[in-house]
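Residue numbers (the working numbering): 34 to 489. Where is the CB? At the ideal position from N, CA and C, for every residue including glycine. Small disclaimer: the values here were computed from a predicted structure and weren't measured. Below is one structure; the comments refer to it alone.
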């Protein structure tokens, strides 16, 4: 038998009774009368209002809900049963379900339900079936405790507890026909194993402070390492317009990063100028943390000479997209935050020409970097000093360039750079290899880079 489909448009008022065959109703308007089904099957998608009663006459009445706009109740006459099917709707509340009225059964699939009162949920008197395609979301850790029985569950579905200690993982297990919630070590978090090894509350709080789940400041650790690599390598300026593209890899105790950098350099009057656009894909892992992110930004540099005395300054901006979840901040659970940072350096140095094309340049400088994440502001100041050596010579129209830098900062950071390259004086194209070392209180790292460049 064919099925009749009726659509009632928005702002339309209709009487669709009586039914003469199995019918599917899409109601966006108002049904202002009783609906007599004459025993035919009746499927209802009610996005509007049905003001009357459905006289089912022993036929099946199924209400289908596929969006929050379809949570509108329908009323059946006594002795007939309503079956409610909810599919693909998220953040459903118990109030949403109760507003649908009484039904013989609620079949809920591919949806999520937020529970903020477990007693009320368990006392809900309707028959409901939730399977593993659904997620139960408890609105806070105070709503549910380990060992609590969860009603209206037919299979071991996914469970989420907002604000729960990330070192724990919520799950359901079956016991004598009931489903019971459990909290166990979360294998996805390094912090979990460490916390399980200590007993005192003082030690646990100390360890939690080392994790980004409880201290978002820790997310900036790899960002600081990458920025220190960028600012430790004093720029090499050019007299002619210059463009270079480099790829790099940073490997350290905790931070690993792949990066790309596009450089443009040149000279205007007595000012040497540079601009760099950079991108890094990084990961960070230690005993308490494991997360990833993307960092992208730019910096500009200016250098000027007073005879052999020079002043060099850099200013940069970084944007960071973190791939990090379950961050507890201001009593909220947050995921995948966005960070911002800026940095600046000023160095004062002097060029000593020891021989032709051999220049030694001792310098002293200062740096500042500020990082923002949520409403956290972290600023680092530093003073540094060191020396740079440059040497070059030409053989068969090929110019070979060597440079190295070594310096120490007031906070104990040590860094060194070594660059070897060549430039064809015929077509002004060249290639350079770089090797950098950085040692901080947090970690020791190495950077390898390859740069192709051309001058115009």
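### Secondary structure of residue 247, DSSP reduced to three states
In this structure, DSSP gives residue 247 a state outside helix and strand, which the three-state scheme calls coil.
### Message
With distance defined between alpha-carbon atoms, name the residue in 346, 101 and 366 nearest to residue 376.
### Response
Considering only alpha carbons, the answer is 346.
### Query
What number of angstroms, rounded off, separates the C-alpha of residue 209 from the C-alpha of residue 92?
Cα-Cα distance, rounded: 36 Å.
### Task
Determine the closest residue to residue 386 out of 340, 172, 144 and 136, with distance taken between C-alpha atoms.
When each option's Cα is compared against that of residue 386, the closest is 340.
### Message
Quick check on residue 463 - is its C-beta less than 8 Å from some C-beta in chain D?
### Response
No chain D is part of this structure, which consists of one protein chain only.
### Task
Count the other CB atoms, across all protein chains shown, that sit within 10 Å of the CB of residue 378; report buried if there are 16 or more and exposed otherwise.
Counting Cβ neighbours within 10 Å, residue 378 comes out buried, since at least 16 surround it.
### Query
Cα separation between residue 269 and residue 464?
When rounded, the separation of the alpha-carbon atoms in residue 269 and residue 464 is 14 Å.
### Query
Shortest alpha-carbon distance to residue 372 belongs to which of 354, 365, 361 and 381?
When each option's Cα is compared against that of residue 372, the closest is 354.
#### Entry: Three-state secondary structure (DSSP) of residue 328
In the three-state scheme derived from DSSP, where H, G and I count as helix and E and B as strand, residue 328 is classed as strand.
### Query
How should residue 328 be labelled, buried or exposed, when 16 other C-beta atoms within 10 angstroms of its C-beta is the threshold for buried?
It is buried - the Cβ of residue 328 has at least 16 other Cβ atoms within 10 Å.
### Message
Only counting the same chain, and skipping five residues up and downstream in sequence, which positions put a Cβ closer than 7 Å to that of residue 198?
### Response
Contacts found: none.
#### Entry: Those residues which DSSP pairs with residue 462 across a bridge
In the DSSP assignment, residue 462 is bridged to 487.
#### Entry: Neighbour-count burial assignment, residue 239, 16 or more Cβ in a 10 Å radius
Exposed, by the Cβ-count rule.
### Query
residue 75 by DSSP, collapsed to three states: which one?
Residue 75 sits in a strand when the DSSP states are folded into three classes.
### Query
Do you know whose CA, among 204, 487, 406 and 363, lies nearest residue 217's CA?
Measuring from the Cα of residue 217, the nearest candidate turns out to be 204.
### Query
Does the count of Cβ pairs from the region 279 to 299 and the region 388 to 404 closer than 8 Å reach three?
Taking 8 Å as the limit for Cβ pairs, the verdict is that the region 388 to 404 does not touch the region 279 to 299.
### Task
Work out the CA separation of residue 406 and residue 62 for me, nearest whole Å.
Residue 62 and residue 406 have their C-alpha atoms some 47 Å from each other.
### Message
So, does the region 246 to 258 touch the region 428 to 448, judging by three or more C-beta pairs under 8 Å?
### Response
In short, these stretches do not touch, since the Cβ pair count stays below three.
### Task
Kindly indicate which three-state DSSP category residue 261 falls into: helix, strand or coil?
In this structure, DSSP gives residue 261 a helical state, which the three-state scheme calls helix.
#### Entry: 6 Å Cβ shell around residue 40 - same chain, five flanking residues per side excluded
Apart from the 5 residues on each side of it in sequence, residue 40 sits with its Cβ closer than 6 Å to the Cβ of 59 in its chain, given in chain order.
### Query
Are the Cβ atoms of residue 258 and residue 478 separated by less than 8 Å?
Result yes, Cβ atoms of residue 258 and residue 478 sit closer than 8 Å.
### Task
For residue 392, collect the residues of the same chain with a Cβ closer than 6 Å to its Cβ; drop the 5 residues on either side in sequence, then sort them by chain order.
384, 386 and 423, listed in sequence order.
### Task
Determine the closest residue to residue 150 out of 172, 143, 164 and 137, with distance taken between C-alpha atoms.
Closest by alpha carbon: 172.
### Query
Which runs of the beta strand (DSSP E), 3 residues or longer, sit entirely within the region 125 to 152?
DSSP runs (the beta strand (DSSP E)) wholly in the region 125 to 152: 138 to 142 and 145 to 148.
### Message
On the DSSP letters alone, give me the boundaries of the alpha helix (DSSP H) that residue 225 sits inside.
### Response
Note, residue 225: alpha helix (DSSP H), 223 to 228.
### Task
Give me the Cα-Cα distance between residue 188 and residue 221, rounded to the nearest whole angstrom.
Going from the Cα of residue 188 to the Cα of residue 221 covers about 23 Å.
### Query
When the Cα of residue 458 is compared with those of 360, 473 and 429, which residue comes out closest?
In this structure, 429 is the residue among 360, 473 and 429 with its C-alpha nearest to the C-alpha of residue 458.
#### Entry: Neighbourhood of residue 261 by C-beta, 8 Å cutoff - its chain only, sequence neighbours within 5 removed
The residues are 446, 448, 471 and 473.
### residue 37 (DSSP reduced to helix, strand or coil)
Looking at residue 37 - three-state DSSP - the assignment turns out to be strand.
### Message
Is the separation between the beta-carbon of residue 79 and that of residue 103 shorter than 8 Å?
### Response
Yes, Cβ-Cβ distance for residue 79 and residue 103 is below 8 Å.
#### Entry: Spatial neighbours of residue 443 in its chain, beta-carbon cut-off 8 Å, leaving aside the 5 residues before and after
For residue 443, same chain residues with a beta-carbon under 8 Å away, outside a window of 5 residues either side, are 415, 416 and 417 in chain order.
### Query
Helix, strand or coil for residue 231 per DSSP?
Residue 231 falls in the coil class under three-state DSSP.
### Whole-angstrom C-beta distance between residue 116 and residue 143, which should lie under 8 Å
With a Cβ gap of about 17 Å, residue 143 and residue 116 do not count as contacting.
### Task
Give the single residue among 155, 412, 162 and 318 whose Cα lies nearest to the Cα of residue 4.
Outside the displayed range of the chain (34 to 489) lies residue 4, so it cannot be described from this structure.
#### Entry: Reference residue 315, options 287, 361 and 126, closest by Cα
Comparing Cα positions, the closest option is 287.
#### Entry: Contact belief for residue 147 with residue 119 at Cβ below 8 Å, rounded distance in angstroms
Between residue 119 and residue 147 the Cβ distance is about 14 Å, and since that is not below 8 Å, they are no contact.
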